[in-house]
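Take any residue in the sequence shown, note its place counting from 1, add 6, and you have its number in this note's numbering. Ideal Cβ positions, reconstructed from N, Cα and C, are used throughout, including at glycine. The structure appears below as structure tokens.
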Amino acid sequence: MSVSNEITISKSKTPIFGIAVLAFISAFGLFFVGYDQGHLFSIVQGAEAFDELYIHELTHDMRHAAGFPCH
Ligand SMILES: [Zn+2]
Numbered sequence: 007m008s009v010s011n012e013i014t015i016s017k018s019k020t021p022i023f024g025i026a027v028l029a030f031i032s033a034f035g036l037f038f039v040g041y042d043q044g045h046l047f048s049i050v051q052g053a054e055a056f057d058e059l060y061i062h063e064l065t066h067d068m069r070h071a072a073g074f075p076c077h
């Protein structure tokens, strides 16, 4: 009769890299929805993006529902 002993060693650590990636995505999403006034599109579109406000108009209702100041 044989007895087998199984030992499980768990090496779970806090996934710092994953948390950093999620924090960046969260911060970018917060900026995208709540604060962008043409800044992102101005990188490729120039000063005209501050008049067009495409992202602002896209996220306008979401911005109001989330309680961000708008107008
Ligand atoms: Zn508004």
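- Item | Run of the alpha helix (DSSP H) containing H66, from where it starts to where it stops | 66-72
- When you compare each of F47, Y41, F56 to R69 by their alpha carbons, which one comes out closest? Y41
- Please look up how many angstroms separate the CB atoms of A55 and F47, rounded, as I've assumed it's under 8 Å. 4 Å
- Query: Around ligand 1, which residues pass a check of Cβ closer than 7 Å to any of its heavy atoms?
  - Reply: H66, R69, H70, C76, H77
- When P21, G24, F37, D57 are compared against A72, the one with the closest alpha-carbon: F37
- Task: Would you mind sorting T14 into buried or exposed? The rule is 16 or more other CB atoms within 10 Å of its CB.
- Result: exposed
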